[in-house]
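Note that numbering that gives the first Met the number 0 has the sequence shown beginning at 0, numbered continuously upward.
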Amino acid sequence: MPLLEPDPDALRPGTAREPAPDRVTDGSSGGTPEPLRGELTALLGADKVLWKISDLVRYASDASPYRFLPRVVLVPEDLDDVSAILSYAHGKGRDVVFRAAGTSLNGQAQGEDILVDVRRHWTGVEVLDDGARARIGPGTTVMRANATLARYGRLLGPDPASAIACTVGGVVANNASGMTAGTTRNSYRTLASLTFVLPGGTVVDTAGPAADEELARAEPELCAGLMELKAEIEADEQLTARIRAKYTIKNTNGYRLDAFLDGATPVEILRGLMVGSEGTFGFISEVVFDTLPLDRRVSSALLFFPSLTAAAAAVPGFNEAGAIAVELMDGNTLRASVSVPGVPADWAALPRGTTALLVEFRAADEAGQEAFERAADAVVAGLDLVVPAASVTNAFTRDAGTIAGYWKARKAFVTAVGGSRPSGTTLITEDFAVPPARLADACEALLELQARHGFDAAVAGHAAHGNLHFLLAFDAAKPADVERYDAFMQEFCALVVDRFDGSLKAEHATGRNIAPFLEREWGPRATELMWRTKQVIDPAGVLAPRIVLDRDPRAHLRGLKTIPKVEAVADPCIECGFCEPTCPSEDLTTTPRQRIVLRREMMRQADGSPVEAGLLDAYGYDAVDTCAGDSTCKLACPVGIDTGAMMKGFRHRRHTPREERIAALTAKNFRVVEASARLAVGAADTVGERVGDGPLQAVTRLARRAVRPDLVPEWLPQLPGAAARRLPRTTRVGASAVYYPACVNRIFAGPKEKQTPGLSLAEAVVAVSGRAGKPVWIPEDVAGTCCATIWHSKGYDAGNRIMANRIVEAAWGWTAGGTLPLVVDASSCTLGIAEEVVPYLSEDNRALHRELTVVDSLVWAAEELLPRLTVFRTAGSAVLHPTCSMEHLGDVGQLRALAEACAKEVVVPDDAGCCAFAGDRGMLHKELTDSATAKEAAEVDRRPYDAYLSANRMCEIGMERATGHPYRSALIELEHATRPTVR
0 MPLLEPDPDA LRPGTAREPA PDRVTDGSSG GTPEPLRGEL TALLGADKVL
50 WKISDLVRYA SDASPYRFLP RVVLVPEDLD DVSAILSYAH GKGRDVVFRA
100 AGTSLNGQAQ GEDILVDVRR HWTGVEVLDD GARARIGPGT TVMRANATLA
150 RYGRLLGPDP ASAIACTVGG VVANNASGMT AGTTRNSYRT LASLTFVLPG
200 GTVVDTAGPA ADEELARAEP ELCAGLMELK AEIEADEQLT ARIRAKYTIK
250 NTNGYRLDAF LDGATPVEIL RGLMVGSEGT FGFISEVVFD TLPLDRRVSS
300 ALLFFPSLTA AAAAVPGFNE AGAIAVELMD GNTLRASVSV PGVPADWAAL
350 PRGTTALLVE FRAADEAGQE AFERAADAVV AGLDLVVPAA SVTNAFTRDA
400 GTIAGYWKAR KAFVTAVGGS RPSGTTLITE DFAVPPARLA DACEALLELQ
450 ARHGFDAAVA GHAAHGNLHF LLAFDAAKPA DVERYDAFMQ EFCALVVDRF
500 DGSLKAEHAT GRNIAPFLER EWGPRATELM WRTKQVIDPA GVLAPRIVLD
550 RDPRAHLRGL KTIPKVEAVA DPCIECGFCE PTCPSEDLTT TPRQRIVLRR
600 EMMRQADGSP VEAGLLDAYG YDAVDTCAGD STCKLACPVG IDTGAMMKGF
650 RHRRHTPREE RIAALTAKNF RVVEASARLA VGAADTVGER VGDGPLQAVT
700 RLARRAVRPD LVPEWLPQLP GAAARRLPRT TRVGASAVYY PACVNRIFAG
750 PKEKQTPGLS LAEAVVAVSG RAGKPVWIPE DVAGTCCATI WHSKGYDAGN
800 RIMANRIVEA AWGWTAGGTL PLVVDASSCT LGIAEEVVPY LSEDNRALHR
850 ELTVVDSLVW AAEELLPRLT VFRTAGSAVL HPTCSMEHLG DVGQLRALAE
900 ACAKEVVVPD DAGCCAFAGD RGMLHKELTD SATAKEAAEV DRRPYDAYLS
950 ANRMCEIGME RATGHPYRSA LIELEHATRP TVR
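Below, the structure written as structure tokens:
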């Protein structure tokens, strides 16, 4: 064991608590039992079998209010693996549930036996027919697929609000739709073909010319059973009419019985049945979509009405005018949304009955947009709109920023209501549909029902399609609260079915909470046909039992998860999973959601239980050490949770007092530390050139084993040599800005300086600024200062506080009390000085900080220098790596602007994300950067580029390690492009 290995008990909750009723029992503390674990390891290989208790717990939760602990989690790589798993399950009488993103809202992604992760190895987008179609892996997110299709002016029809995280396979399996899909653009209507594996292991490609013949040979009983059901349904005119009527509005409750009417052969029937089957009929391994035009000309308005009735009455007019989306928000939703940044504060005082419609039109060209706007204006002219707040305009706009603000307000429904729910309560997100003409009545009835059962009354939804959403929050640990939820659901289902003849699930699919009410909506005849369909396709009942069909009338109350209170920063988490695709450690260890899920399970446990011990033992590496701390999870989270901040807090808790003192000492003496680091890098570089990198790697690896991997960096061959000891000479007189070279650029050289003479980043910034007539001044005493991120990222609070206050005081003096801007040449350092130091400043220094103008060098160059420069030469192509700090600062656009000035073609990879080098974390845990950059690197390496650009030295090193190409700052490229003569 390393000398300074942290004590897992440092992260023990240590709070007085009663064990939760739904805690994982002590008997599961050993993880997957034998012989299950051994048999599956022999079948698939050890790396595809996740068996530790921490693995099982982190997969036990999804975005739903349910929680079921799997016996084992499998990570198959190909169809052979999937077939082997299904064959094993058949032979052993076991159950299998497939899980991709885990964004399902009704427990569809949870299993109690074998859970199969089909996200990690099942991604990819192949564009067909110049974008008219696309072949997509089921683990690909909708946003990722649309990013590729956008280059062809196309997009997918389904547009769920969870597009950032939900996968194409899950969208098809649930027939998820979204704000614009309605009943015509959903998966059922836009799917060209799909490939799937049936429970018996048969692989079916519905596009295959001989698909029906092959299926008949492999599964004759299945084919006969499907055709028998088809004949029976078609012979019943009343049932046929009922089925057709049910799909005139959005409906994802139960199986798509219209597949028997729309399909002529078993393969065609299966193609329809797979859509919305929620993983109960087979594994979808590939889909081919017919894509839709991406109409880029957008006009939107947020229109305010005095009542729900008035707003609902306006919906048909906008539908007839061609609106692509008409979204409704009631008064309670609007008022609650003011807690979300960017939403007008004056909405808090909106009158009780106020309701808003977000109306959007999209066109392919100017003429089409103008025609839509004329039609919209005609509708608006006949409405009695209100102006209940100064921020209300009731006008259509083309401004992209304003439109984005409208959608932010609309999406604040879950953010505001879900994020502000009482601590310890479980959140349920429900949706249903009624005929659009009954929308107003349904809204009023729902609000009355919510209030009568003691739930916060609020409603929003896709008004154009009669599809409404609402939230329920209750404490699943309290039997009375569970019974209150049950009473609400009984009345709700009766209301939707009996009064409105609606759909109990419009787009979220049946799932565990509506399965007991399926017959209430469809009646005994249709429901029995669904049971028979399941029996024909999956006679052994291997796949996803109790997720669509369940005869237990109280099944919706089984497995409800408690939400124990955890650290304040994470307590609002609704476990939606939106954070996961942005997380650098997603494919290595854990995600932000899983870090919180694991913490919550610790809080469910009795102090010192075997399960708690097992979770703590794994948490240090899986959660804390391999968190990049980039906080991009905060950007994706609908309630703004910064799990990275929580992990930094845990790092602090693991430090001994001695470690904190040493960290503070390095901050106090950073001038010496900086000089020593530069000398060490230079010496190591010299050794590496003479004897190779092997000895350096061997020495550092030994030190890591002896001391602690999280304290001793590993030498990497991609590390550059030392930077020049002296910075460029500048003068304060006439300076337009103070230039602060980050310490990383004062220690490490640029990518080419080891081999050939060239400008350093500091020299490039000075040169290009002077060339633009905006000279900068580098203070003589920058050595020994830092943005404090070194200490902040590692949770060294004392050192962080010392350096945070030092840099602000120094910057105040350098900039003459904030008179000049402070230009910082590393995006992470800009973020550190501009935002992250603030909580650690003294009151006096907070006042000084408010007077500072901290400018990232990208912004300085793009907005202040580029308009004053002449470009003399351009590269043919450039690929960019936007850093996570750029995402936080919002200056990715400036990086692109600089690159477009320097290169004829500029590419941002669709899979670009945080490289996880994170200062020195890529040297402490290189496996983290390897995993985080794998997809982006694969995309970059598909073709050569003339320039590889970013704006943070350590991220550039990380990307060079991943791709083998020398990344450098976009400012160095700008200096080269605008230099009158090339030296």
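Glycine is no exception: its CB is placed at the ideal position from the N, C-alpha and C atoms.
Chain-order list of residues whose beta-carbon lies under 6 angstroms from that of A505 (same chain, five-residue window excluded): Working through the sequence shown from its first residue, we reach residue 505 at position 506. Excluding residues within five positions, the ones whose Cβ falls inside 6 angstroms are K249, D430, F431, A432, N466.
Alpha carbon to alpha carbon, how far is D21 from V115? What you label residue 21 is simply residue 22 of the sequence shown in a count that begins at 1. What you label residue 115 is simply residue 116 of the sequence shown in a count that begins at 1. In a straight line, the C-alpha of D21 is about 23 angstroms away from that of V115.
Tell me whether the beta-carbon of N105 lies closer than 7 angstroms to the beta-carbon of S161. By 1-based counting over the sequence shown, the position of residue 105 is 106. By 1-based counting over the sequence shown, the position of residue 161 is 162. Contact: no.
With a CB to CB cut of under 6 angstroms and the five nearest residues on each side skipped, what residues in its chain are close to G101? Taking the sequence shown and counting its residues from 1, the one referred to as residue 101 is at position 102. For G101, where only same-chain residues beyond five positions count, the Cβ hits under 6 angstroms are D61, A108, G576.
Give a yes or no on whether the C-beta atoms belonging to V23 and W50 are separated by under 7 angstroms. Residue numbering aside, residue 23 sits at position 24 when the sequence shown is read from its first letter. Residue numbering aside, residue 50 sits at position 51 when the sequence shown is read from its first letter. 7 angstroms or more divides the Cβ of V23 from the Cβ of W50.
Which residue's Cα is closest to the Cα of C578: R132, I163, G92? By one-based count along the sequence shown, residue 578 stands at place 579. Nearest C-alpha to C578: I163.
Given 8 angstroms as the limit, is there contact between the segment 183 to 195 and the segment 284 to 294, that is, 3 or more CB pairs closer than that? yes
Could you check the C-alpha separation between S949 and E762 for me, to the nearest Å? Looking up residue 949 in the sequence shown gives position 950. Looking up residue 762 in the sequence shown gives position 763. C-alpha of S949 to C-alpha of E762: approximately 17 angstroms in a straight line.
The beta strand (DSSP E) with R759 in it runs from where to where? Stepping through the sequence shown from its first residue, residue 759 is reached at position 760. One point to set straight first is that residue 759 is Ser, not Arg, in the sequence displayed. From DSSP, S759 is part of no beta strand (DSSP E); its letter is neither H nor E.
Ignore the nearest five residues each way along the sequence and tell me which others in I595's own chain have a CB closer than 6 angstroms to its CB. Within the sequence shown, numbered from 1, the residue matching residue 595 stands at position 596. So the qualifying residues of the chain are A569, C572.
Nearest-angstrom Cα distance between H452 and Y484? Numbered from its first residue, the sequence shown carries residue 452 at position 453. Numbered from its first residue, the sequence shown carries residue 484 at position 485. Taking the straight line from one Cα to the other gives about 8 angstroms.
From the DSSP output, in three-state form, read off D8 for me. Within the sequence shown, residue 8 is the residue found at index 9, counting from 1. Shown here, D8 sits in a helix according to DSSP, grouped into three states.
Return the chain-ordered ranges of every beta strand (DSSP E) run that is complete within the segment 264 to 337 and spans a minimum of 3 residues. 282 to 289, 296 to 304, 324 to 328
R545 by DSSP, collapsed to three states: which one? As a working mapping, residue 545 is identified with position 546 in the sequence shown. Assigned with DSSP and collapsed to three states, R545 falls in coil, not helix or strand.
Quick one: what does DSSP say E359 is sitting in, helix, strand or coil? As a first step, residue 359 is located in the sequence shown; it is residue number 360 there, counting from the start. Residue state, collapsed to three classes: strand.
I'd like to confirm the pairing. Which residues does DSSP put opposite N173 in its beta bridges? The residue you call residue 173 lines up with position 174 of the sequence shown. Paired residue(s): none; N173 is not in a bridge.
For the beta strand (DSSP E) that contains V124, what are its first and last residues? Indexing the sequence shown from 1 puts residue 124 at position 125. Start and end: 124 to 127.
May I have the straight-line CA-CA distance separating K753 from S759, to the nearest angstrom? Indexing the sequence shown from 1 puts residue 753 at position 754. Indexing the sequence shown from 1 puts residue 759 at position 760. Residue confidence for K753 is low, a pLDDT of 40 falling below 50, so the modelled location carries little weight; the figure read from the coordinates is stated next. Approximately 11 angstroms, taken between the alpha carbons.
Please state whether the Cβ-Cβ distance between R134 and E125 is less than 7 angstroms. Residue 134 sits at position 135 when you count from the first residue of the sequence shown. Residue 125 sits at position 126 when you count from the first residue of the sequence shown. Yes, the Cβ-Cβ distance between R134 and E125 is below 7 angstroms.
Exposed or buried, what is M0 when buried is set at 16 or more other beta-carbons lying within 10 Å of its beta-carbon? Translated into the one-based positions of the sequence shown, residue 0 becomes position 1. Because M0 sits at a pLDDT of 44, beneath the cut-off of 50, its placement in the model cannot be relied upon, and the following sentence gives the value as read from the coordinates. It is exposed - the Cβ of M0 has fewer than 16 other Cβ atoms within 10 Å.
Cβ distance (whole Å) where L155 is taken to contact V171 below 8 angstroms: As a first step, residue 155 is located in the sequence shown; it is residue number 156 there, counting from the start. As a first step, residue 171 is located in the sequence shown; it is residue number 172 there, counting from the start. Contact doesn't hold; Cβ gap of about 10 angstroms is too wide.
Pick from Q449, D440, L260: whose alpha carbon is nearest that of S462? Translated into the one-based positions of the sequence shown, residue 462 becomes position 463. According to the sequence provided, residue 462 is Ala. The question's Ser does not apply to it. When each option's Cα is compared against that of A462, the closest is D440.
For the alpha helix (DSSP H) that contains E983, what are its first and last residues? No answer is possible for residue 983: it lies beyond the span of the chain, which begins at 0 and ends at 982.
Just the C-alpha distance for P716 and G957, rounded to the nearest angstrom, thanks. Looking up residue 716 in the sequence shown gives position 717. Looking up residue 957 in the sequence shown gives position 958. Taking the straight line from one Cα to the other gives about 11 angstroms.
Contact set for S630: own chain, Cβ-Cβ below 6 angstroms, skip 5 residues either direction: The sequence position of residue 630 within the sequence shown is 631, counting from 1. D641, G643.
Would A355 and F282 be called neighbours here (beta carbons separated by less than 7 angstroms)? Walking along the sequence shown from the start, residue 355 turns up at place 356. Walking along the sequence shown from the start, residue 282 turns up at place 283. Judged by their CB atoms, A355 and F282 are not nearer to each other than the 7 angstroms cut-off.
Go ahead and pull the three-state DSSP assignment for I135. In the sequence shown, the residue the question calls residue 135 occupies position 136. Strand.
Rounded distance between the beta-carbons of V416 and D455, thought under 8 angstroms: The residue given as residue 455 occupies position 456 in the sequence shown. The residue given as residue 416 occupies position 417 in the sequence shown. Right, the Cβ-Cβ distance comes to about 6 angstroms (below 8 angstroms), so this counts as a contact.
From T980 to E974, what does the alpha carbon distance come to, in whole angstroms? Taking the first residue of the sequence shown as 1, we reach residue 980 at position 981. Taking the first residue of the sequence shown as 1, we reach residue 974 at position 975. Going by the C-alpha atoms only, they are around 11 angstroms apart.
Sorted by chain position, which residues of the same chain lie with C-beta nearer than 7 angstroms to I789's C-beta, five sequence neighbours on each side aside? Here residue 789 is taken as the residue at index 790 of the sequence shown, counted from 1. G918, listed in sequence order.
By Cβ distance, which residues of its chain are closer than 6 angstroms to D480, with the 5 residues on each side in sequence left out? On the sequence shown, position 481 is the one that residue 480 refers to. Once the five neighbours on either side are set aside, the close Cβ partners of D480 are F473, D474.
Where A162 sits in the DSSP three-state scheme: Residue 162 sits at position 163 when you count from the first residue of the sequence shown. DSSP places A162 in coil when its eight states are reduced to three.
Skipping 5 residues on each side, what residues in its chain have a beta carbon closer than 8 angstroms to that of W521? As a first step, residue 521 must be located in the sequence shown, where it is residue number 522. Contacts found: K245, N252, G253, M529.
Would you kindly report the start and end of the unbroken beta strand (DSSP E) that includes H461? Taking the sequence shown and counting its residues from 1, the one referred to as residue 461 is at position 462. Element bounds for H461: 459 to 461.
In its own chain, which residues sit with a C-beta less than 6 angstroms from the C-beta of L76, not counting the 5 before and 5 after it? On the sequence shown, position 77 is the one that residue 76 refers to. Note that residue 76 is Glu in the sequence shown here, rather than Leu. Within the same chain, E76 has close Cβ partners H120.
Start and end of the alpha helix (DSSP H) containing K229? For the purposes of this step, residue 229 is taken as the residue at position 230 of the sequence shown. If you look at K229, you'll find it in the alpha helix (DSSP H) that goes 219 to 234.
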